[in-house]
């Protein structure tokens, strides 16, 4: 005989929560894994777990008007004849035409140009609109080689060899058939309306020696003018950074697991890779061990949302950051004004991640002409520029409070951690102590 205590409400499992139960039922009913866009939704240690130690007596802050704090950054100083000069260390990450609408790509180019920074093509090739509205454009060279040709390599201002992405290190991209329009199919040399999955590794090289040869090929094609980036997903940041440097990279781009994706398996997004916070210090250590810190620039991406995040990444040793999801939100992604239509799709503003379906009410992650027309690229570009301006000012304000006359002069000594995990990952002291896990005694 069972007995239920009327004074105690029914208790649900923390392991088998409502979402987990629903996923089990969905998998049992359909026999297919879940595909979605965006990045990880689980909580992991992040920049919120760090605080800055502003100046007082032991450190001296900058005076408000007469003392300047430089926000500019130069990328590609190692070998490139024409390194990139940016007004802000906040760049726009690679997001493809195909995953995004043409208007969205144009908006990103317009906004980046107004802010004095760079944007990136993503998988799928270079569009004339994107090149035309991007003062500084980085061309991504991915395993798929979609749209890759010497002409566009030379039209770019830098080339980013993509080895991995934070949301799916070790995995290739997806673009479902409903987003492969006539134009996308033509640019990628694909059949219209047929699902495609990009290769997870480059077809003509399998290791750092081959990567070195590939980088030399790209330099020869572009007359050694363009900086060559190498982008890796956050998995083994020390060794991947070291090997990218030894292969000849001018810039290393490191993408943590909070980095977004247009479409991949949910199990991949949530269970592969490392938090962005855990990736930075090993990569910086690799650069320092090789005597290349600040000579080879480090760009960090994956979950950057505010000027505080930017400042913290730079304090930990990065030279710049890249934003993707935040840039899409700035131009109109997940805007509550489309709430009624989001609900018709079975979701809500702020949670919409079915980017692969091509039904985005905001006109951003779609190839539907009627939906794409909802996004005004001029107005959206201004919104992005405003957002980048605010982020830059926020980071600059923090740097000034720490007594720094340049953003990249921020250092780990300007930080403390709120949790043991963050202290260990960032290798900065736990607040109120001079110790972090792994350092030794208090």
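Residue numbers (the UniProt record's numbering): 1 to 442.
A virtual CB, placed ideally from N, CA and C, is assigned to each residue, including glycine.
The structure presented is a predicted model; accordingly, all values stated were derived computationally and were not measured.
Practice problem: Assign residue 387 to one of two classes, buried (16 or more other C-beta atoms within 10 Å of its C-beta) or exposed (fewer than that). | Solution: The count along the chain shown starts at 1 and reaches residue 387 at position 387. With 16 or more Cβ atoms within 10 Å of its Cβ, residue 387 is classed as buried.
Quiz item: For residue 377 versus residue 106, is the C-beta distance shorter than 7 Å?
Solution: For the purposes of this step, residue 377 is taken as residue 377 along the chain shown, with counting starting at 1. For the purposes of this step, residue 106 is taken as residue 106 along the chain shown, with counting starting at 1. For residue 377 and residue 106, yes; Cβs fall inside 7 Å.
Quiz item: Using 8 Å as the Cβ pair cut-off and three pairs as the minimum, do the segment 84 to 95 and the segment 304 to 321 touch?
Solution: With a cut-off of 8 Å, the segment 304 to 321 and the segment 84 to 95 count as touching, because enough Cβ pairs lie within range.
Quiz item: Hey, quick one: how far does the beta strand (DSSP E) through residue 135 stretch, first residue to last?
Solution: If you number the chain shown from 1, residue 135 lands on position 135. Where residue 135 is concerned, there is no enclosing beta strand (DSSP E), given that its DSSP letter is neither H nor E.
Quiz prompt | residue 407 beta carbon less than 7 Å from that of residue 417 | solution = Within the chain shown, numbered from 1, the residue matching residue 417 stands at position 417. Within the chain shown, numbered from 1, the residue matching residue 407 stands at position 407. With respect to residue 407, residue 417 sits apart: the two C-beta atoms are not nearer than 7 Å.
Quiz prompt | alpha helix (DSSP H) runs contained entirely in the segment 273 to 334, provided each spans 4 or more residues | solution = 276 to 289, 307 to 315 and 325 to 331, all fully within the segment 273 to 334.
Quiz prompt | alpha helix (DSSP H) segments (min. 4 residues) lying fully within the segment 374 to 438 | solution = If we require 4 residues or more, the alpha helix (DSSP H) runs fully inside the segment 374 to 438 come out as 377 to 401 and 420 to 426.
Quiz item: With distances taken from CA atoms, which of 127, 379 and 176 is nearest residue 444?
Solution: Nothing about residue 444 can be read from this structure; the chain reaches only from 1 to 442.
Quiz item: With 16 as the cutoff for other CB atoms within 10 Å, does residue 437 come out buried or exposed?
Solution: As a working note, residue 437 is residue 437 in the chain shown. Per the 10 Å Cβ criterion, exposed.
Quiz item: Where does residue 435 land, buried or exposed, given buried means 16+ other C-beta within 10 angstroms?
Solution: Sequence index remark: in the chain shown, residue 435 carries index 435 (1-based). Residue 435 comes out exposed.
Practice problem: Give the secondary structure of residue 128 by DSSP, where H, G and I count as helix, E and B as strand, and everything else as coil. | Solution: Taking the chain shown and counting its residues from 1, the one referred to as residue 128 is at position 128. The three-state secondary structure of residue 128, taken from DSSP, is helix.
Exercise. Determine the contact status of residue 168 and residue 261, defining contact as a CB-CB distance below 7 Å.
Key: Taking the first residue of the chain shown as position 1, residue 168 is located at position 168. Taking the first residue of the chain shown as position 1, residue 261 is located at position 261. Cβ atoms of residue 168 and residue 261: closer than 7 Å.
Quiz item: What are the boundary residues of the beta strand (DSSP E) that residue 76 is part of?
Solution: Taking the chain shown and counting its residues from 1, the one referred to as residue 76 is at position 76. Boundaries cannot be given for residue 76, as no beta strand (DSSP E) includes it and DSSP labels it neither H nor E.
Practice problem: Measure the alpha-carbon distance for residue 202 versus residue 144 and round it to whole angstroms. | Solution: Here residue 202 is taken as the residue at index 202 of the chain shown, counted from 1. Here residue 144 is taken as the residue at index 144 of the chain shown, counted from 1. A straight line joining the alpha-carbon of residue 202 with that of residue 144 spans about 7 Å.
Quiz item: Near residue 331, which residues of its chain fall below 8 Å by C-beta distance, leaving aside the five closest residues on each side in sequence?
Solution: Residue numbering aside, residue 331 sits at position 331 when the chain shown is read from its first letter. If the five residues before and after residue 331 are omitted, its C-beta is found closer than 8 Å to the C-beta atoms of 104, 107, 108, 111, 364, 375, 380, 381, 383 and 384, all from its own chain and listed in chain order.
Practice problem: Classify residue 27 as helix, strand or coil using the three-state DSSP reduction. | Solution: Position 27 of the chain shown, counted from the start, is the residue given in the question as residue 27. Residue state, collapsed to three classes: helix.
Practice problem: Could you give the DSSP three-state label for residue 194: helix, strand or coil? | Solution: Here residue 194 refers to the residue found at position 194 when the chain shown is read from its first residue. In this structure, residue 194 counts as coil in the three-state DSSP scheme.
Quiz item: Touch check for the segment 340 to 356 and the segment 292 to 306: three-plus C-beta pairs under 8 Å?
Solution: Taking 8 Å as the limit for Cβ pairs, the verdict is that the segment 292 to 306 does not touch the segment 340 to 356.
Quiz item: Thinking C-beta only, is residue 308 closer than 7 Å to residue 241?
Solution: Position 241 of the chain shown holds residue 241. Position 308 of the chain shown holds residue 308. Contact: no.
Quiz item: Using the rule of at least 16 other Cβ atoms within 10 Å of the residue's Cβ for burial, across every protein chain shown, is residue 58 buried or exposed?
Solution: Position 58 of the chain shown, counted from the first residue, corresponds to residue 58. A residue is called buried when at least 16 other Cβ atoms come within 10 angstroms of its Cβ; residue 58 does not meet this threshold and is exposed.
Quiz prompt | Rounded separation between residue 43 and residue 328 - CA only | solution = Taking the chain shown and counting its residues from 1, one reaches residue 43 at position 43. Taking the chain shown and counting its residues from 1, one reaches residue 328 at position 328. If you draw a straight line from the Cα of residue 43 to the Cα of residue 328, it comes to about 21 Å.
Quiz item: Rounded to the nearest angstrom, how far is the Cβ of residue 177 from that of residue 200, given a contact under 8 Å?
Solution: Position 177 of the chain shown, counted from the first residue, corresponds to residue 177. Position 200 of the chain shown, counted from the first residue, corresponds to residue 200. So it is not a contact: roughly 20 Å between Cβ atoms.
Quiz item: Which term fits residue 16, buried or exposed, when burial requires 16 or more other beta carbons within 10 angstroms of its beta carbon?
Solution: For this step, residue 16 is matched to residue 16 along the chain shown. It counts as exposed.
Quiz item: Is the segment 398 to 406 in contact with the segment 116 to 132, if contact means three or more CB pairs nearer than 8 Å?
Solution: By the Cβ rule, the segment 398 to 406 does not count as touching the segment 116 to 132, because fewer than three pairs are nearer than 8 Å.
Quiz item: Between the C-alpha atoms of residue 209 and residue 230, what's the straight-line distance to the nearest angstrom?
Solution: For the purposes of this step, residue 209 is identified with residue 209 of the chain shown, where counting begins at 1. For the purposes of this step, residue 230 is identified with residue 230 of the chain shown, where counting begins at 1. In this structure, the straight-line span from the alpha carbon of residue 209 to that of residue 230 is close to 14 Å.
Quiz item: In the DSSP assignment, what are the bridge partners of residue 36?
Solution: Residue mapping note: residue 36 aligns to position 36 of the chain shown, counting from 1. 264.
Quiz prompt | Proximal residues to residue 419 (C-beta, below 6 Å), its chain only, five neighbours per side dropped | solution = The count along the chain shown starts at 1 and reaches residue 419 at position 419. Scanning its chain for C-beta atoms nearer than 6 Å, with the 5 sequence neighbours on each side dropped, one finds around residue 419 the residues 49, in chain order.
Quiz item: Would you call the segment 66 to 83 and the segment 209 to 228 touching, i.e. three or more CB-CB distances under 8 Å?
Solution: Yes, the segment 66 to 83 touches the segment 209 to 228.
Quiz item: With 16 as the cutoff for other CB atoms within 10 Å, does residue 354 come out buried or exposed?
Solution: On the chain shown, position 354 is the one that residue 354 refers to. By the neighbour-count rule (16 or more Cβ atoms within 10 Å), residue 354 is buried.
Quiz item: In chain order, what residues of the same chain lie with their CB nearer than 7 Å to the CB of residue 315, ignoring the 5 residues before and after it?
Solution: Locating residue 315 in the chain shown gives position 315, where the first residue counts as 1. Its chain contains 410, 411, 412, 414 and 415 as the residues whose beta carbon lies nearer than 7 Å to that of residue 315, once the 5 sequence neighbours on both sides are disregarded; these appear in chain order.
Quiz item: Once you ignore the five residues that flank residue 360 on each side, which residues in its own chain have a CB closer than 7 Å to its CB?
Solution: For the purposes of this step, residue 360 is taken as residue 360 along the chain shown, with counting starting at 1. The answer, listed in chain order, is 366 and 371.
Exercise. State yes or no: is the C-beta of residue 159 within less than 7 Å of the C-beta of residue 119?
Key: One-based indexing of the chain shown puts residue 159 at position 159. One-based indexing of the chain shown puts residue 119 at position 119. Contact: no.
Quiz prompt | Close beta carbons around residue 174, own chain, < 8 Å, minus the five adjacent residues each side | solution = Residue numbering aside, residue 174 sits at position 174 when the chain shown is read from its first letter. Annotation for residue 174: 35, 195, 196, 197, 198, 262, 263, 264 and 356 place their beta carbon closer than 8 Å to its own, counting only its chain and skipping 5 residues before and after.
Quiz item: In terms of residue numbering, what span does the beta strand (DSSP E) encompassing residue 180 cover?
Solution: In the chain shown, counting from the first residue as 1, residue 180 sits at position 180. It is not in any beta strand (DSSP E) - residue 180 carries neither H nor E in the DSSP assignment.
Practice problem: State the beta-bridge partners of residue 253 as determined by DSSP. | Solution: Start at 1 with the first residue of the chain shown, and residue 253 comes out as number 253. Residue 253 pairs with 231 and 299.
Self-check item: First and last residue of the uninterrupted beta strand (DSSP E) at residue 51
Solution: Position 51 of the chain shown holds residue 51. First-last of the beta strand (DSSP E) with residue 51: 50 to 52.
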